[in-house]
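These notes concern the structure reproduced below.
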Amino acid sequence: MMYLKTVGLTALALALSAGLAMAETYTKGKIKKVDAKAGKVTIIHEELVDLDMPAMTMVFRANEEMIVNMAEGQDIEFVAARVDGKLTVIALK
Ligand SMILES: [Cu+2]
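Heads up, the sequence shown is in this note's numbering, so the first residue is 5 and it goes up one at a time.
Structure, rendered in structure tokens:
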């Protein structure tokens with residue numbers, strides 16, 4: 005959390021592109037819809053503490069690497085962050 009706040013978005017993007025795992029808060033969710041072509045996924049998510057967001061259903065961006073591991077109706081634990089100002093799934097387990 006502190007680490008996330010002290011590094012800039014550029015550093016975060018670099019860490020992501022390097023495929024480094026960062027210590028972040030995983031949130032539970034259920035995948036409602038996957039649009040692989042558009043790189044978007046609709047998730048019914050619990051509260052996103054890091055983003056100060058209550059539980060809701062919403063669309064996130066997700067890269068190909070994430071999307072291939074997603075299926076509609078699947079229960080997931082994920083990490084979301086703002087990447088270029090857009091809410092994006094950056095980790096999945
Ligand atoms: Cu939300």
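The beta carbon of each residue, even a glycine, is placed where N, CA and C say it ideally should be.
Tell me, which residues are paired with residue i by DSSP?
i     : result
GLU81 : LYS32
ASP54 : According to DSSP, which records beta bridges pairwise, ASP54 is partnered with nothing at all.
Whose C-beta lies closer than 6 angstroms to the C-beta of residue i among residues of the same chain, with five residues either side of it excluded?
i     : result
LEU91 : PHE64, ALA84
Reducing DSSP to helix, strand and coil, say where residue i ends up.
i     : result
MET70 : helix
ASP88 : coil
VAL44 : A quick correction: the sequence has Lys, not Val, at residue 44. Note: LYS44 maps to strand in three-state DSSP.
LYS37 : strand
ALA95 : strand
What distance in whole Å lies between the Cβ atoms of residue j and residue i, which are believed to be in contact at a cut-off of 8 angstroms?
i     : j     : result
ILE35 : GLY77 : 7 angstroms
ILE47 : MET62 : 7 angstroms
For residue i, which residues of its own chain have a beta-carbon under 8 angstroms away from its beta-carbon, when the five flanking residues on both sides are left out?
i     : result
GLY43 : ARG65, ALA66, ASN67, GLU68, ILE71
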